[in-house]
Amino acid sequence: MPKKKPIAKRLNRLFEDMTPEETAAQPTPVTRQDVNGDKTPSSAKATTPQFTRPLDAVRPASQNELAISLAFQTGENQWATLQVIDETAPRAWSQDEQLLVKQVADQLSLALENARLFQETQSRAEELSVLNEMGREISTKLEISAIAEVIYRYTSRLMDTKNFFVALFDEKTEEKSYPLVLEEGRRMLLPSVKLGNRGFSDYIIRNKKMVFAATDVPGHMKNLGIEIGPMTEDDALSQCWLGVPMLIGDRVLGVISVQSTQRPHVFDEHDRDILATIASQAAIAIQNARLFDEVTTSQAQLSEALQIARLGYFEIDLNDRTIQLTAELYA
Numbered sequence: 529m530p531k532k533k534p535i536a537k538r539l540n541r542l543f544e545d546m547t548p549e550e551t552a553a554q555p556t557p558v559t560r561q562d563v564n565g566d567k568t569p570s571s572a573k574a575t576t577p578q579f580t581r582p583l584d585a586v587r588p589a590s591q592n593e594l595a596i597s598l599a600f601q602t603g604e605n606q607w608a609t610l611q612v613i614d615e616t617a618p619r620a621w622s623q624d625e626q627l628l629v630k631q632v633a634d635q636l637s638l639a640l641e642n643a644r645l646f647q648e649t650q651s652r653a654e655e656l657s658v659l660n661e662m663g664r665e666i667s668t669k670l671e672i673s674a675i676a677e678v679i680y681r682y683t684s685r686l687m688d689t690k691n692f693f694v695a696l697f698d699e700k701t702e703e704k705s706y707p708l709v710l711e712e713g714r715r716m717l718l719p720s721v722k723l724g725n726r727g728f729s730d731y732i733i734r735n736k737k738m739v740f741a742a743t744d745v746p747g748h749m750k751n752l753g754i755e756i757g758p759m760t761e762d763d764a765l766s767q768c769w770l771g772v773p774m775l776i777g778d779r780v781l782g783v784i785s786v787q788s789t790q791r792p793h794v795f796d797e798h799d800r801d802i803l804a805t806i807a808s809q810a811a812i813a814i815q816n817a818r819l820f821d822e823v824t825t826s827q828a829q830l831s832e833a834l835q836i837a838r839l840g841y842f843e844i845d846l847n848d849r850t851i852q853l854t855a856e857l858y859a
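So in the working numbering the end of the sequence shown lands on 859, straight run, no missing numbers.
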């Protein structure tokens, strides 16, 4: 094979300054049948990217073309084109030159794939660090307002929170309260309202399901059978809406939501999963805060009742038997 020697030397010179990155496993090329939708084992799908190597052939080059080009896949839904141009004059491209273009494209495909995987790994590590940091801080808060502030601050590090709210649900009164609301970056104060069927938050609380409308928010609301309307009179309808419930077992404690009034597709499925993780941590913190508040209130009431009994004040609405028993205990 004498013709391949100069190609190998030219490839070596082309990539001699490149330092290969270490990867966990060499990706397996996907065949044409895989691309067309044939079934593959689930284990293979989990361990290898759905990724195609450069196409099998360079676009045929005629005798009078200035350039040859090759399309190759750089990701699951991403493609690129390598084009080699001879600006001097039209020429005939030899088989060796076309093979060289294919081999260069293959090297570029691997390099771009490695870069993409490295960026994804870095991004996931940063997100995990933010979530861990949030978990440590939120576990120290025992006031609802402080918990809402922590949720907002850390969510802002992971996604757009220009339009954001935390809504809490009281099962006894069936009311929603809003400890923190932002509209276009401005903090708003909203009164407590009865649970109804006015928006996505009511739907989430009633059904204990998240809602993600990447686009066509009114259409999405119509499909769910809920009323269409903004949170306030001056509020604009959202173009993209994402909300998740805060759940403790089967109990829903409230809703965390992010929105965009400017454009659709601001959030994606990854943002949905991140917000669901945040809501899980928030639900635990809010439940702890409520339990602490109940215990504190009960202790205060008990202390007040004992103090009244010690002072001999029995102006409470109890039957005679209970009053006589209290008088005997504190006589």
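In this text, a Cβ means the ideal position worked out from N, Cα and C, and glycines have one as well.
| C-alpha distance - D584 paired with R652, whole-angstrom precision | Caution is warranted here: a pLDDT of 43 is assigned to D584, below 50, making its placement in the model unreliable, and no coordinate value can be reported.
| request: Give the single residue among C768, V745, R734 and T743 whose Cα lies nearest to the Cα of M774. | output: R734
| query | Relative to the alpha-carbon of R779, which residue among V658, K736, S831 and S720 has its alpha-carbon at the smallest distance? | reply | K736
| said: Quick check on the DSSP output: the alpha helix (DSSP H) that includes R779 runs from which residue to which? | reply: That residue, R779, is in no alpha helix (DSSP H); its beta strand (DSSP E) goes R779 to S788.
| query | Which word fits N691, buried or exposed, when buried means at least 16 other C-beta atoms lie within 10 angstroms of its C-beta? | reply | buried
| V794 and D688 closer than 8 angstroms at C-beta | yes
| request: Could you tell me which of K704, R726 and A807 sits nearest to P719, measuring between CA atoms? | output: K704
| T683 burial status per 10 Å Cβ neighbour count (16 or more: buried) | buried
| Between the region 809–820 and the region 657–676, do three or more beta carbon pairs fall short of 8 angstroms? | yes
| task | Say whether the region 621–631 touches the region 654–668, bearing in mind that this needs 3 or more beta-carbon pairs closer than 8 angstroms, one atom from each stretch. | result | no
| field | Contact under 8 angstroms by Cβ, I784 with G771 | value | yes
| query | When the Cβ atoms of the region 795–802 are set against those of the region 736–753, are three or more pairs found closer than 8 angstroms? | reply | yes
| query | Exposed or buried, Q606, counting other C-beta atoms within 10 Å across all chains shown (16 or more means buried)? | reply | exposed
| task | Note down the Cα distance separating L670 from D821, rounded to an integer number of angstroms. | result | 8 angstroms
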